[in-house]
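Asks: One structure coming up, written as structure tokens, with questions to follow.
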Amino acid sequence: VSSDLTKTVYVKGLVAVASTELYEEKYLTYSISDNGQTTGNVLKVYDGLDINGVAFTSKDDVKVGDYVVVKGKLLNYKGTYEINKDNQLVEHISAATITIADITMEVGETKTIAATVDPAEAVVTYTIKENAANAISLSGNTITALAVGTATITATVAEGATYLGNSVDFTVTVKEYVAP
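Residue numbers for the sequence shown follow this note's numbering, beginning at 2 and rising by one.
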């Protein structure tokens, strides 16, 4: 890190911690890192603005997993470097968002997985991550409950032209069939 804190720097990374509030109706504070994780090289971006210095409109404008390039000045705050107030995004590519609930089924039942994705044109693929006691089978987006147990499925969206890829795990719990 340069010892000259008066120079403007450009820093790229993946958002590791998103803002919890919109400050003064325009700023977001978030953390970025090389790999989107909260360990290792993490840099706090303090009170930042959107592209071209425009005010953010929602705390959700920058989300965990988004790729950003930030332009601003470094500040040594109590021994920790961060990007100082009034920085701005130069580039911002959002990660696809996948929303899906855990599923409970009975042995012999078949269900279609219903994930919600943003952007809507993103295609979701599903793979079995863990399948204790061979509780389920998976074909495309259709789950069949085979035996009592639990399984973890990973829903994945590949990177698109205007968004980054993303994945999320959800749990399928299979219970014994109960006759009506």
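Glycine included, C-beta positions come from ideal geometry on N, C-alpha and C.
1) What does the alpha-carbon distance come out to for the pair Ala93 and Val70?
2) Considering only heavy atoms of the ligand SAM, does any lie closer than 7 Å to the CB of Ile154?
3) Which residue from Val108, Leu165, Ala180, Ala156 puts its Cα closest to that of Thr172?
4) Exposed or buried, Thr30, counting other C-beta atoms within 10 Å across all chains shown (16 or more means buried)?
5) Just list the residues that DSSP pairs Tyr31 with in beta bridges.
6) Residue ranges of each beta strand (DSSP E) run of no fewer than 3 residues wholly in the region 49 to 91, ordered along the chain?
7) Kindly indicate the opening and closing residues of the beta strand (DSSP E) around Tyr11.
8) Could you name the residues that DSSP lists as bridge partners for Asp170?
9) Could you give the distance in angstroms between the alpha-carbon of Lys74 and the alpha-carbon of Val12?
10) For Ala159, which residues from the same chain have a beta carbon less than 6 Å from its beta carbon, with the 5 sequence-adjacent residues on both sides left out?
11) Could you tell me which uninterrupted alpha helix (DSSP H) segments, each at least 4 residues in length, are contained entirely in the region 97 to 125, listed from first to last along the chain?
12) Would Ile185 be called buried (16 or more neighbouring beta carbons within 10 Å of its own) or exposed?
13) Taking 8 Å as the cut-off, does the region 22 to 40 touch the region 53 to 72 (at least 3 CB pairs, one atom from each stretch)?
Replies: Let's see:
1) Translated into the one-based positions of the sequence shown, residue 93 becomes position 92. Translated into the one-based positions of the sequence shown, residue 70 becomes position 69. Contrary to the premise, residue 93 reads as His rather than Ala in this sequence. Straight through space, the alpha carbons of Val70 and His93 are spaced by roughly 7 Å.
2) Within the structure as shown, the ligand SAM is missing, as the structure has no ligands at all.
3) The residue given as residue 172 occupies position 171 in the sequence shown. Checked all of Val108, Leu165, Ala180, Ala156; the closest Cα to Thr172 is Ala156.
4) Sequence index remark: in the sequence shown, residue 30 carries index 29 (1-based). That one is buried.
5) Residue numbering aside, residue 31 sits at position 30 when the sequence shown is read from its first letter. Tyr31 pairs with Val46.
6) 68 to 78, 81 to 84, all fully within the region 49 to 91.
7) Here the question's residue 11 lines up with position 10 in the sequence shown. Counting along the chain, the beta strand (DSSP E) containing Tyr11 begins and ends at 9 to 18.
8) Numbered from 1 along the sequence shown, position 169 holds the residue referred to as residue 170. Thr155.
9) Taking the sequence shown and counting its residues from 1, the one referred to as residue 74 is at position 73. Taking the sequence shown and counting its residues from 1, the one referred to as residue 12 is at position 11. For Lys74 and Val12, the distance between alpha carbons rounds to 10 Å.
10) The residue labelled residue 159 in the question sits at position 158 within the sequence shown. Closer than 6 Å at the Cβ level, and outside the excluded window around Ala159, lie Gly166.
11) List check, alpha helix (DSSP H) in window: nothing returned.
12) Since the first residue of the chain shown is 2 and the last is 181, residue 185 is not available in this structure.
13) With a cut-off of 8 Å, the region 22 to 40 and the region 53 to 72 count as touching, because enough Cβ pairs lie within range.
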